[in-house]
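Before any comments, here is the structure.
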Amino acid sequence: MPQEYRLILKHADQPGYTPDIACYLRHGGYEALKKAVATPGRELPDGKKQSPREVIRDEVLKSGLRGRGGAGFSAGLKWSFVDRRGGKPIYLVCNADESEPGTFKDRQILHKDPHQLLEGMIISCWANDVKLAYIYIRGEMPRGARLLNQALDEARAQGFLGKNILGSGHDLEIHVHRGAGAYICGEETGLIESLEGKRPYPRIKPPYFPAVLGLYMAPTIVNNVETLCHVRHVVQLGGAEYAKLGTPNNTGTRIVSLSGDVRNPGYFEVEVGKVTLGQLILDANFGGGVRPGRSLKAIIPGGSSSKVLKAGEKFKLRRKGADGQMTQVEVDLLDLPYDFDSLQQAGTMSGSGAVIVMDDSRSMVDAIANLSEFYAHESCGQCTPCREGALWMSKALHRMTSGGGRPEDADYLRDIAQNIQGRTICAFGEAAAWPVLSFVSKFREEFAERGKADEAARAQGLSRSGTHH
Amino acid sequence: MAFSVPAGLEAELEALVARYPQKRSASLMFLHALQEHFGFVSNEAVEWTAARLGLQPINVLELVTFYPMFRQEKLGRTQVKVCRTLSCALAGASELRAQFCTRLGLDAGRHGPQTTPDGKFTVEFVECLADCGNAPVVMVNDDLIGKCSGADCDRVIAKGQ
Ligand SMILES: Cc1cc2nc3c(=O)[nH]c(=O)nc-3n(C[C@H](O)[C@H](O)[C@H](O)COP(=O)(O)O)c2cc1C
Ligand code: SF4
Ligand code: FES
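So the sequence lines, in the order shown, correspond to chains H and F. Residues in the first sequence are numbered from 1 upward in steps of one, following our numbering. Residues in the second sequence are numbered from 470 upward in steps of one, following our numbering.
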């Protein structure tokens, strides 16, 4: 039976483990930072020379580390896009906005082991010549913000921050910046605007790629909390060694947030791709299955923005055989390895690592109505298709959940969603459209039945609410 | 009563400004601090912030009206934020909010934040609080209550009376 593999959360839940620096140091804390700043430069087989900082960046690239915030983009590659020639300061921002519904992993790190995040950040800043960095923490985590401020003071007192870190000649300051309850602040360019003291209206890419035109129009690295923690372990283990964790192209561990209709909801750190979706939900040492007498109906596999998966679905995955040939295999939903590539091939994504489970007692109309209300509320309003579309979908679904359903609602919702995706400034448009598209196509009969039943009830004059929307 | 910011708080805010290459960046942190002190963000607080940061009042007001955590009127002393998003909804968030409302004499059928006439409580629905494994989740002032039960609801109300 697959087990948890705790790398990031190795100590966090041990009895007596506390978030202060003394405890962190007792557990080997800041050793990776010391190792990083003492890294010698090296010459590659082709004669190319790497500075110590380039060595660390190269190790991160080799580790295969992919972003844990949502998009799963290679951290090393992202760092390689940073404009280092323009002469502007380079900033780093830790995305601690954690607002994707279903996700509660960064919370564990921030509250139980803040120094691990700081160590990962300091190494990342050192490797990228960053002298000023911020942690953007969501406003609803006031205790997390206090803990981080305490941790920063402690790190400063120990010489891990401030002038001439560990005698390396590198100066660095990190500050905590609090958000104020808007989901769109999690989108990296919205986050940057918010950090500049403005409304968090996302910027259009191109040209505003943070690596080139980020905070104060200077090159900026935005990484998720968990991603930055992994950097510490990449340095500790070495890139190649780290890459042995997990599976090829899906390396390392990740913290899965499991919620909804399972007996044992919670967070589980696993090697990426070594555990299947079915094991996460059913195994006794993970979710423990649905409640007695219930059966699985649907899984949202990567945060509320990912496309829903239906119990019994089968997928065609490309797999590399022992002979190196690519073959296609049919895989049942529950046998999908929980990794970036498999879920993408299944037409969805592992996103923020948040799995929401629903059993057969749940109405899919009610579920997507709930999520649509979230997106309608959180659209920043800059793009017409997103602002209007998210609201229309939510209103139509509200009508459906209050007795005003119509047989053609599934098509109506699909049309609105299709007119949002691909027509907006930021990926929130897709985040709002994809859940709706997947729910209405995979649970089409349920929407049709609800519509027909409501229509019949109205014909008999039984309806409580009108037919307008 | 004239609007005045205590010297200690003002010094704290000055120190915040120094954390950013551009003053404007400090506006959210100013608003948090002022809201914490005064209980809400008044027009005077907006103007005061704008003056300190070299901004027009509208630059600050548009933040107060956009970011859900900032409030333009005084809220209850005990603020109850019930998470309404999917995982919590599956765990009975609607019933939980209704229970808070009913026990406090508020209208469970009404949308938006509601404050009791005695100014002791505000109850509202908010979006995912990032603790979905402990659904249903309620935030009471700065504290999070996971797996919030009817008994927890009673305790919160008793404490806030
Ligand atoms: C609407 C929206 C919301 C997002 N919310 C978050 C979030 O709360 N936390 C986060 O780390 N990334 C979030 N992201 C992803 C960020 O834009 C960005 O890709 C990420 O922080 C990069 O870090 P990573 O490469 O380490 O994953 C969001 C993206 C979108 C489009
Ligand atoms: S897609 Fe939506 S959230 Fe993103 S910029 Fe446009 S309106 Fe704002
Ligand atoms: S859905 Fe309620 S805390 Fe996430």
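Built from N, CA and C at the ideal position, the CB exists for glycine as well. None of these values were measured; they are calculated from a predicted model.
Alpha-carbon to alpha-carbon, residue j and residue i
i       : j       : result
S618(F) : R546(F) : 21 Å
L333(H) : Y5(H)   : 23 Å
I425(H) : V533(F) : 23 Å
I626(F) : G102(H) : 28 Å
D409(H) : D366(H) : 14 Å
Q491(F) : I221(H) : 18 Å
N128(H) : W79(H)  : 8 Å
Q548(F) : A620(F) : 17 Å
L9(H)   : L110(H) : 11 Å
G477(F) : Y267(H) : 41 Å
Y134(H) : G186(H) : 14 Å
T467(H) : K543(F) : Here the model assigns T467(H) a pLDDT of 46, short of 50, so the residue's position is not dependable, and the following value carries that caveat. Cα to Cα, T467(H) sits roughly 39 Å from K543(F).
Q382(H) : E430(H) : 15 Å
S295(H) : L309(H) : 14 Å
H377(H) : Q325(H) : 48 Å
T348(H) : T276(H) : 15 Å
G461(H) : G252(H) : 59 Å
R138(H) : G302(H) : 20 Å
Contact test: residue i Cβ vs ligand 1 heavy atom, cutoff 8 Å
i       : result
V225(H) : yes
F104(H) : no
G186(H) : yes
S473(F) : no
G246(H) : no
N95(H)  : yes
K78(H)  : yes
F428(H) : yes
V222(H) : yes
Y183(H) : yes
A431(H) : yes
F447(H) : no
Cβ-based burial, residue i [other Cβ within 10 Å; buried from 16]
i       : result
F160(H) : buried
N610(F) : exposed
N223(H) : buried
N250(H) : buried
D612(F) : exposed
F374(H) : buried
L95(H)  : Here residue 95(H) turns out to be Asn, not Leu, going by the sequence shown. The residue in question, N95(H), is buried, as its Cβ has 16 or more Cβ neighbours within 10 Å.
R318(H) : exposed
H501(F) : buried
R291(H) : exposed
T327(H) : exposed
A480(F) : exposed
N370(H) : buried
A390(H) : buried
P202(H) : buried
Q3(H)   : exposed
G404(H) : buried
E483(F) : exposed
G353(H) : buried
T18(H)  : exposed
V307(H) : The amino acid occupying residue 307(H) in the given sequence is Lys; Val does not appear at that position. With 16 or more Cβ atoms within 10 Å of its Cβ, K307(H) is classed as buried.
Test item: CB-CB of residue i and residue j under 9 Å
i       : j       : result
E100(H) : G29(H)  : no
V510(F) : F539(F) : yes
Y136(H) : G179(H) : yes
G246(H) : K274(H) : yes
V235(H) : I56(H)  : yes
F447(H) : M400(H) : yes
G289(H) : L336(H) : no
R232(H) : A75(H)  : no
G70(H)  : G422(H) : no
D106(H) : V225(H) : yes
H11(H)  : M498(F) : no
beta-carbon residue i near ligand 3 non-hydrogen atom, thresh 8 Å
i       : result
V549(F) : no
S194(H) : no
Cβ-heavy atom distance, residue i to ligand 2, below 8 Å
i       : result
A417(H) : no
T571(F) : no
G381(H) : yes
T534(F) : no
Y201(H) : yes
C617(F) : no
A71(H)  : no
Distance cut-off 8 Å: residue i Cβ against heavy atoms of ligand 5
i       : result
R493(F) : Here the bound small molecules are ligand 1, ligand 2 and ligand 3; ligand 5 is not part of this structure.
Under 5 Å, CB to nearest heavy atom of ligand 3: contacting residues: Answer in sequence order: C552(F), T554(F), S556(F), C557(F), C597(F), L598(F), D600(F), C601(F) and V606(F).
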